[in-house]
Every structure is written in structure tokens, then in C-alpha cells.
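Residue 470 in this note's numbering sits at position 420 of the sequence shown, with consecutive numbering throughout. Virtual Cβ for every residue (Gly too), placed ideally from N, Cα, C. Keep in mind the model is a prediction, meaning the values are calculated, not measured.
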Amino acid sequence: MLTGESLIGAAAVRGEGKGFRGVNPATGKELDPQYGEASAADIDRACALAFAAFDRYRETSPESRAAFLEAAATAITDIGDELIERAMAESGLPRPRLEGERARTVGQLRLFAAVVREGSYLDARIDRAMPDRKPLPRSDLRLRQIAVGPVAVFGASNFPLAFSVAGGDTASALAAGCPVVVKAHPAHPGTSELVGRAMQSAVRASGLPEGVFSLLFGAGNELGSTLVSDPRIAAVGFTGSRRGGMALVRIAAARPEPIPVYAEMSSINPVLLMPGALAKRGEQMGKGFVGSLTMGAGQFCTNPGLPLARDGAGLDAFLASAAEALSAGAPTTMLTPGIFAAYQGGVDRLAANPKVRTVVQGQVASGANQGRSVLFETDVESFVADEHLRDEVFGASSLLVRCRDTGDMRALLEDLEGQLTITLWMEEEDTDDVRQLLPVLERKAGRLLVNGWPTGVEVSHAMVHGGPFPATSDGRTTSVGALAIRRFLRPVCYQDFPAALLPEAVQDGNPFGLWRQIDGKLGRE
Numbered sequence: 051m052l053t054g055e056s057l058i059g060a061a062a063v064r065g066e067g068k069g070f071r072g073v074n075p076a077t078g079k080e081l082d083p084q085y086g087e088a089s090a091a092d093i094d095r096a097c098a099l100a101f102a103a104f105d106r107y108r109e110t111s112p113e114s115r116a117a118f119l120e121a122a123a124t125a126i127t128d129i130g131d132e133l134i135e136r137a138m139a140e141s142g143l144p145r146p147r148l149e150g151e152r153a154r155t156v157g158q159l160r161l162f163a164a165v166v167r168e169g170s171y172l173d174a175r176i177d178r179a180m181p182d183r184k185p186l187p188r189s190d191l192r193l194r195q196i197a198v199g200p201v202a203v204f205g206a207s208n209f210p211l212a213f214s215v216a217g218g219d220t221a222s223a224l225a226a227g228c229p230v231v232v233k234a235h236p237a238h239p240g241t242s243e244l245v246g247r248a249m250q251s252a253v254r255a256s257g258l259p260e261g262v263f264s265l266l267f268g269a270g271n272e273l274g275s276t277l278v279s280d281p282r283i284a285a286v287g288f289t290g291s292r293r294g295g296m297a298l299v300r301i302a303a304a305r306p307e308p309i310p311v312y313a314e315m316s317s318i319n320p321v322l323l324m325p326g327a328l329a330k331r332g333e334q335m336g337k338g339f340v341g342s343l344t345m346g347a348g349q350f351c352t353n354p355g356l357p358l359a360r361d362g363a364g365l366d367a368f369l370a371s372a373a374e375a376l377s378a379g380a381p382t383t384m385l386t387p388g389i390f391a392a393y394q395g396g397v398d399r400l401a402a403n404p405k406v407r408t409v410v411q412g413q414v415a416s417g418a419n420q421g422r423s424v425l426f427e428t429d430v431e432s433f434v435a436d437e438h439l440r441d442e443v444f445g446a447s448s449l450l451v452r453c454r455d456t457g458d459m460r461a462l463l464e465d466l467e468g469q470l471t472i473t474l475w476m477e478e479e480d481t482d483d484v485r486q487l488l489p490v491l492e493r494k495a496g497r498l499l500v501n502g503w504p505t506g507v508e509v510s511h512a513m514v515h516g517g518p519f520p521a522t523s524d525g526r527t528t529s530v531g532a533l534a535i536r537r538f539l540r541p542v543c544y545q546d547f548p549a550a551l552l553p554e555a556v557q558d559g560n561p562f563g564l565w566r567q568i569d570g571k572l573g574r575e
């Protein structure tokens, strides 16, 4: 049963103030229970427990930490249909989408369990002593990665499960050996409490210190700013708006001891429709584009918001196909009234711009907070001249830019900020043009796709869900996939340590059976 309490270590704590409730965006109905605001004392307690747990938790064996992550995955699965029904009520998202998101969430936890067991994330290195080296001897040097410390994680509005309480930030931080303090997103508090209690039970069942996981509730900004300012917090994971992410970056930078904020924020995800591809399959591409654009009411950070194409019969076929599919699309309930209002405001601004033409709109909305999908178009000169045309409109809206040639595409791309993704639709005859663009694409985005749509983000070892600013606050990282663990690690070198004090990862005999770099050569000795 939901209680509306924050989960601080092993305890459930009633918050303060008038509190808030989850709201069904389709009906506007408030949902029980009421959630109180975590107090300053609650935040202090959660951070104190996390810091107290840190040294013990970071030195858990690979097997015990992996088993904990798997126990968390099982506990979330065992919530059953109650989790899906509550998430549906709080988000307006359909059952199949949320069932898929639950599978993704537990899959992430299991992936990181495998990462911990395999051990290469430790980047263990040994440079053996060379006492007879001339002119100077070399000391015995050994390196491993260690956890940075307690991590603050902010749940996202658009993924109640996969980027929330037990999402990728939490999973990767826990895998690294970092205790986690989560600030639940106020749009889905009941969903968050259910998952938080599952995490709490997994900590308890695994015999870990209670401070390994805490979950705090609050509807305002004060909780987040206090949490990030706490000196015991060593890093921050965030998925959300550019405004929110940069606010946290500024708070973290102003601390006496600044800390990194890994914020995934804003992207319009260009899609380059090359002439060869348009000529051969423009109609098919138009249908696929609309499917990607309207998925989940367009509330994906990888939404294809900026198609680029040259004039011609292929583009005409693409637009005709897209118009047919989009005009038949029913409006979809958006996640919150605030997200809907922001989407509608962005669409209205584009519609009012004299340099922008409305190509097609979806069906007229009939219910609360329902977003009407829309495709706009403009020319390359107008786009480059108006910086507001590159603003993200979070929802099922896209702006197609007509280009005269590859030079126009390159000039436009050079003018863009950093992106999560850039997609290419191409045929073999487009290869030379794409080769000219590739250096720009690599500089501008974290993931480059060919003949696919960006809204699918695989949880895997090679995935990058990141990119240059403002796609993220640090373009060297990813928030999805196995490499996400690196955000919460730092290297430590052990020079001339006695064998009795060396950590297992760099001991002679290799007790964990790791792949290690020894005197510059990779092996398992």
C-alpha cells in the first residue's frame, strides 16, 4: 500500500507542509496518497546515511554487488501489475509502453550486474617495479577505478521507470559502488514509491548498509538545490530540461568543493534525408518518420525534430506520405499539464512565424492535455537567420528545412548546438556527400544513425546516449549503456604498496580473474 512517505535508509518518513499528489493528466483527477515535502533534516539524514555506507559498499565484492542489482530487478518485477496501473494513471502512457519500459528498467539493472561481474570497468593496470632501470629505477605502480561517493539522482518526467528511481543513473551509480539518494519526480510519486520500496527491500535482503539507497519526495526546487549542495554528495545524475539541468550545474559549481553534474538536457536530433534515399523510398521514409515523431506523444529526448532535405520528387513523396500518416493520427495525452502547455506554446510560436509554413497537423484534440502533432517547414536561409527556430519543442512537432545542396546541409549543421543524435537516410550513391558531412556530424552528436530512427535507444555496451552541450552538460559521457558507469568512478594509483594492503583488483594472482593491463599488455595473469 502506498503511504506517501520518503524512504530514508531503512525507514519511511512522513514529509512536511501541505504536500502534493500525483495527477492523472487525462482526467485532471488527483491521486492518493498525499506526499509531504522532505525536510532539511530528512535530506541531511539521507546524505549522512549514504556517506556512512559508502566505504563499506564500495568495497563489496563483484559477486555481492551484482547479486544486489539482480535482487533489485527481481523486486521491481515482483511488484506486478500494480506498478503498471499506477504509472498509467500518473503519466497517461499506454500499458504496452510502460510494460516495455519496465522490461528496460530491470534489463538495465541486470546489464550492470554483468558489467560488475566482468570487471573491466575497474581498468586495472599494473606497471611492475624496475629497480635496475637506468638512469632511474621505476616504482611498482598499480591502478584501479574506485567509486566517487554518494550520488544524487533526479527522476525524469518522461520515463517514470527507465530514467527514474531505479533507472540508468541509479543502476550505473550503484554498480560503480556509489550509494544513491534519489529525488523522485513529482509527476509520478506513486510509481516512484513502489519502485523505491522494491529497492529498499533489495538493500535489506542483500545485507547491505541501509544508506545505500534513499528516496526523497518534494514538488519544489528547494529539495534538489539542498541535496546538490550537501558536501557529502559527490556527483549528480539528471535527465530533464536545459533550464533545470543548468540550474543544478550552477549550484554544483558554486560549492566549496565543486562536483560533476551529468545532465541530459536538450536536443532536436537532425535527420538528413539524402537524395538517393528519398528517390528510392521517400514514401516509406515518410511513414517511418511519423511513427518515430509521434511515439509517446513525441516526449522523447531523441525525437526527430529537424529533418533536412533537398527539393525534388523524392521529397514530395516523403511529405505526401508523412502528411497522410500525420493527419490520421489521434492526439495523445501528454505527461503533465506543464509539459502540454510548453508544447502548445512552442507550436504556437512556430505557427506564427512568417518564415515557417504548417505542412500538416494531426487530428484536433478533444481531451485534457492532448498534444496535436504537427509538421512545419522552412528554408535554410530562414532557419540560419532565426536562432529561435532551433529551440527544442518537446512533443510531436518537427520542422523540416529545405536545402539546395550538401553545402546548405553542412552550413546548417555547423550552426547547430550539440545533439544527442543525428540520423542519415542514404543509399550507396549518397556516400560521397555523406563522407563530406561526417566530420561535422561527429563533432555535433553522440550517436550517428544510418537508415533508422533515433527514438529507439538500446541498453547495451556500445550505446552512447549523450552528446556535446546542450545535449548534455558533459559530452564525454553517456547516460545509457555500460559506459555510463564511468561517470561515477575515478582512478587511484597505488605506488610501492605492500601486498597485504593492495585491493584485490590489482593483487598478484588476480583473485577476481580480471582482464588487466600489465606492463602495457592486456591479459588475465
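**Study point:** DSSP state of G218 mapped onto helix, strand, coil
**Key:** Three-state DSSP puts G218 in a helix.
Check your understanding: Between R147 and E135, what straight-line distance do the alpha-carbon atoms span, to the nearest angstrom?
Key -> For the pair R147 and E135, the Cα-to-Cα distance works out to about 12 Å.
Review point. So is R115 buried or exposed if we call it buried at 16+ other beta carbons inside 10 Å?
Key: Flag for R115 reads buried.
Practice item. Might you give, ordered along the chain, the residues of its own chain that have their beta carbon closer than 6 Å to the beta carbon of A174, omitting 5 neighbours on each side? Key: Excluding positions up to five away in sequence, the list reads R194, A555, V556, L564, R566.
Practice item. Report yes if the C-beta distance between C453 and L466 is below 8 Å; otherwise report no. Key: Contact: no.
Exercise for review: With a threshold of 16 other CB atoms inside 10 Å of the CB of V424, please say whether the residue is buried or exposed.
Suggested key: By the 10 Å Cβ count, V424 comes out buried.
Exercise for review: For the beta strand (DSSP E) holding T428, just list the boundary residues, first then last.
Suggested key: According to the DSSP assignment, T428 belongs to the beta strand (DSSP E) that extends over 424 to 429.
Check your understanding: Is it right to say Q420 is buried, meaning 16 or more other beta carbons lie within 10 angstroms of its own, or is it exposed?
Key -> The residue in question, Q420, is buried, as its Cβ has 16 or more Cβ neighbours within 10 Å.
Review point. Which class does C543 belong to by DSSP, given the choice of helix, strand or coil?
Key: Looking at C543 - three-state DSSP - the assignment turns out to be strand.
**Study point:** Continuous beta strand (DSSP E) stretch holding A418: start and end
**Key:** A418 -> no beta strand (DSSP E), and no H or E assigned at all.
**Study point:** Integer-rounded CB distance, given that L57 should sit under 8 Å from Q250
**Key:** About 5 Å separates the Cβ atoms of Q250 and L57, confirming a contact at the 8 Å cut-off.
Practice item. Could you name the residues that DSSP lists as bridge partners for M180? Key: The bridge partners DSSP lists for M180 are R188.
Exercise for review: Would you mind sorting S448 into buried or exposed? The rule is 16 or more other CB atoms within 10 Å of its CB.
Suggested key: Flag for S448 reads buried.
**Study point:** Length of the line joining the Cα atoms of A100 and R540
**Key:** Approximately 18 Å, taken between the alpha carbons.
Check your understanding: For G290 versus F204, is the C-beta distance shorter than 8 Å?
Key -> Note that the C-beta distance between G290 and F204 is below 8 Å.
Exercise for review: Can you grab the Cα-Cα spacing for the pair G468 / E314, in whole Å?
Suggested key: Their Cα atoms are separated by approximately 11 Å.
Practice item. Mind checking which residues open and close the beta strand (DSSP E) that includes Y107? Key: Here Y107 belongs to no beta strand (DSSP E); instead the alpha helix (DSSP H) covers 90 to 108.
Exercise for review: Take L343 as the anchor and find which of A153, T505, M138 has the nearest alpha-carbon.
Suggested key: Per the Cα distances, T505.
Point to revise | For P308, the nearest candidate out of A367, C543, V198, G150 (CA to CA) | key: When only C-alpha atoms are compared, the closest one is V198.
Practice item. Look at the alpha carbon of R145 and the alpha carbon of R293, and state the distance between them as a whole number of angstroms. Key: The straight-line gap from Cα to Cα measures roughly 31 Å.
Check your understanding: Between the stretch 114 to 130 and the stretch 59 to 79, are three or more C-beta pairs nearer than 8 Å?
Key -> Judged by Cβ distances under 8 Å, the stretch 114 to 130 makes no contact with the stretch 59 to 79, as fewer than three pairs qualify.
Check your understanding: How many angstroms separate the CA atom of D94 from the CA atom of A88?
Key -> Rounded to whole angstroms, the separation of the alpha carbons of A88 and D94 is 10 Å.
Review point. Buried or exposed: S510, going by 16 or more other Cβ atoms within 10 Å of its Cβ?
Key: S510 comes out exposed.
**Study point:** Selected residue, minimal CA-CA separation from T352, among R536, A521, D105
**Key:** It is A521 whose Cα lies nearest to the Cα of T352.
Practice item. Following the continuous beta strand (DSSP E) through L449, name the residue where it begins and the one where it ends. Key: Per DSSP, L449 belongs to the beta strand (DSSP E) from 447 to 453.
Check your understanding: With a CB to CB cut of under 6 Å and the five nearest residues on each side skipped, what residues in its chain are close to L498?
Key -> The residues are I472, L491.
Practice item. With DSSP as the reference, label L273 as helix, strand or coil. Key: In the three-state reduction of the DSSP assignment, L273 falls in the helix class, which pools H, G and I.
Check your understanding: Beta carbon of E427, beta carbon of R407: below 8 Å?
Key -> Yes. Within cutoff.
Review point. What is the C-beta distance between P239 and A102, in whole angstroms, given that I count them as a contact (C-beta under 8 Å)?
Key: With a Cβ gap of about 27 Å, P239 and A102 do not count as contacting.
Exercise for review: Mark H438 as exposed unless 16 or more other C-beta atoms lie within 10 angstroms of its C-beta, in which case mark it buried.
Suggested key: Counting Cβ neighbours within 10 Å, H438 comes out exposed, since fewer than 16 surround it.
Practice item. Pick out the complete beta strand (DSSP E) segments inside the stretch 446 to 499, 3 residues or longer, and give them in chain order. Key: When DSSP assignments are scanned along the stretch 446 to 499, the uninterrupted stretches of beta strand (DSSP E) that are 3 or more residues long and fall wholly within it turn out to be 447 to 453, 469 to 475.
Point to revise | Whole-angstrom distance between L572 and A550, CA atom to CA atom | key: So the alpha carbons of these two residues sit roughly 24 Å apart.
Check your understanding: What did DSSP end up calling R526 once you bin it into helix, strand or coil?
Key -> The answer is coil: DSSP assigns R526 none of H, G, I, E or B.
Review point. Can the beta-carbon of Q413 be found closer than 8 Å to that of P381?
Key: Their beta carbons are under 8 Å apart, which means Q413 touches P381 by this criterion.
Review point. Among F209, S377, G445, which has the Cα closest to the Cα of G396?
Key: Of the listed residues, the one whose Cα sits closest to G396 is G445.
Point to revise | Of the residues R282, V321, A415, G86, the one placed nearest C97, counting alpha carbons only | key: Per the Cα distances, R282.
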